[in-house]
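**Q** Residue numbers (the working numbering): 1 to 364.
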Ligand SMILES: *Cc1c(COP(=O)(O)O)cnc(C)c1O
Ligand code: SF4
């Protein structure tokens, strides 16, 4: 079932990055594109979020049909160029919150830094579609400005290195970035947000882990959206990470027709929990321009989360969140289990069905 011939450098992450599919011709050589995909792919040559897929991920995509859940995440479709009402290029209002050229400071205690605009493959629903893969690539001095800002802002306790994907940096650059952040006294937690483990699990080398281990706590904030992404290679990469003591969290994006089914999410979250990666957030897909074909309604998201509650353990159940447009912050979404209140009794709907009264203490 695997390809007869793989390049001898297949397990070298730099080879994977260098040999990614980047042109319509490369893609058409590997997949029979639908007319809609062909149109979408053609449009990427005019600018915007580029087409890029690593050979590793491409091999998974090739096993799927046109509606395949991995294929739809990385193969452009014509719908991306159609804006729907209310969609924006920068739905989270990040441009207004830039404290340095590549640093978003939205919450008092947290900051989000990007050191590159590149990713190993591009997700067609990316929230930072306006800048990812298109430059300008942050310069050393842009990144240094961001680190300086963090150093002189003692309220920042948690720094998220985010996408573009910092794991595309060479070991030296990545380790130096993490080391400089660790050198700031008030920074408690460093989070490395990456989709590289899904697109190129061979990036998680023992050499990198040995170097990063010196700067714990470094949380890996991973991004998996579908159980088919959790291949044997990914399983091994997650084991290497966990064995080296890195706490692992996952963020998924809820995507219409890709993972918006209870059985799919259940398999994804259960498997992640078994691989020592805690499902952290399930993100409502942001209202980014041209993402309507990926987005679900909030009610259908709530139905999914309701169905999962009581079915999977709390450990495997992420918080369903929506990022309120305009940079107003993430909020959790959940249906209120309180049915009614009478006297001191609050009627609650249980996750296993049925209702019962919780007696509240009086306020006085
Ligand atoms: C999501 C986000 C964070 C981190 O939020 P948590 O809820 O702590 O995971 C920080 N900064 C920005 C700009 C974000 O979008
Ligand atoms: S890996 Fe992250 S930053 Fe890169 S395209 Fe995908 S969602 Fe966007």
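No residue lacks a Cβ here, since even glycine has one placed at the ideal position from N, Cα and C.
With a threshold of 7 Å on Cβ separation, who are the neighbours of residue 155 within its own chain once the five nearest residues in sequence on each side are excluded?
**A** Taking the first residue of the chain shown as position 1, residue 155 is located at position 155. Cβ within range, chain order: 108, 109.
**Q** Taking 8 Å as the cut-off, decide whether the C-beta atoms of residue 77 and residue 142 are in contact.
**A** Here residue 77 is taken as the residue at index 77 of the chain shown, counted from 1. Here residue 142 is taken as the residue at index 142 of the chain shown, counted from 1. Their beta carbons are not under 8 Å apart, which means residue 77 does not touch residue 142 by this criterion.
**Q** Taking any heavy atom of ligand 1 as the mark, which residues have a C-beta closer than 6 Å to it, listed down the chain?
**A** 104, 106, 107, 110, 112, 160, 330
**Q** Give me the Cα-Cα distance between residue 61 and residue 74, rounded to the nearest whole angstrom.
**A** As a working note, residue 61 is residue 61 in the chain shown. As a working note, residue 74 is residue 74 in the chain shown. So the alpha carbons of these two residues sit roughly 9 Å apart.
**Q** Applying the criterion that 16 or more other CB atoms from any shown protein chain within 10 Å of the CB defines a buried residue, is residue 355 buried or exposed?
**A** Walking along the chain shown from the start, residue 355 turns up at place 355. Residue 355 comes out exposed.
**Q** Could you pull the start and end residues of the alpha helix (DSSP H) that residue 125 belongs to?
**A** Within the chain shown, numbered from 1, the residue matching residue 125 stands at position 125. Note, residue 125: premise wrong, no alpha helix (DSSP H); not H, not E.
**Q** How would you label residue 117, buried or exposed, when you count the other beta carbons within 10 angstroms and need 16 or more for buried?
**A** Counted from its first residue, the chain shown places residue 117 at position 117. With 16 or more Cβ atoms within 10 Å of its Cβ, residue 117 is classed as buried.
**Q** Could I get the ranges of all uninterrupted alpha helix (DSSP H) runs contained in the region 255-325, with 4 residues as the minimum, in chain order?
**A** List check, alpha helix (DSSP H) in window: 262-274, 298-308.
**Q** Using only the heavy atoms of ligand 2, determine whether one of them is closer than 7 Å to the beta carbon of residue 71.
**A** Reading the chain shown from its first residue, position 71 is the one you call residue 71. Checking the Cβ of residue 71 against ligand 2 gives no.
**Q** Is any heavy atom of ligand 2 found at a distance shorter than 7 Å from the C-beta of residue 195?
**A** Here the question's residue 195 lines up with position 195 in the chain shown. It does: the Cβ of residue 195 is within 7 Å (strictly closer) of some heavy atom of ligand 2.
**Q** Across the region 80-88 and the region 277-293, are there enough close Cβ pairs to call them in contact, namely three or more that are closer than 8 Å?
**A** yes
**Q** Mark residue 339 as exposed unless 16 or more other C-beta atoms lie within 10 angstroms of its C-beta, in which case mark it buried.
**A** By 1-based counting over the chain shown, the position of residue 339 is 339. Exposed, because fewer than 16 other Cβ atoms sit within 10 Å of the Cβ of residue 339.
**Q** Mind pulling the alpha helix (DSSP H) runs of 4 or more residues that sit fully within the region 124-173?
**A** Complete alpha helix (DSSP H) runs here, min 4: 140-151.
**Q** So, residue 237 versus residue 184, is the Cβ gap smaller than 8 Å?
**A** Position 237 of the chain shown, counting from 1, holds the residue named residue 237. Position 184 of the chain shown, counting from 1, holds the residue named residue 184. Not a contact, by the Cβ cut-off of 8 Å.
**Q** On the CB-based measure, 16 or more other CB atoms within 10 Å of its CB, does residue 1 come out buried or exposed?
**A** For the purposes of this step, residue 1 is taken as the residue at position 1 of the chain shown. Note that residue 1 has pLDDT 49, beneath the 50 cutoff, so the model's placement of it is unreliable and the number below is only indicative. Exposed.
**Q** Could you tell me which of 72, 251, 56, 228 sits nearest to residue 222, measuring between CA atoms?
**A** Mapped onto the chain shown, residue 222 falls at position 222. Out of 72, 251, 56, 228, 251 has the C-alpha closest to the C-alpha of residue 222.
**Q** Return the residue from the list 162, 208, 337 that minimises the CA-CA distance to residue 172.
**A** Position 172 of the chain shown holds residue 172. It is 208.
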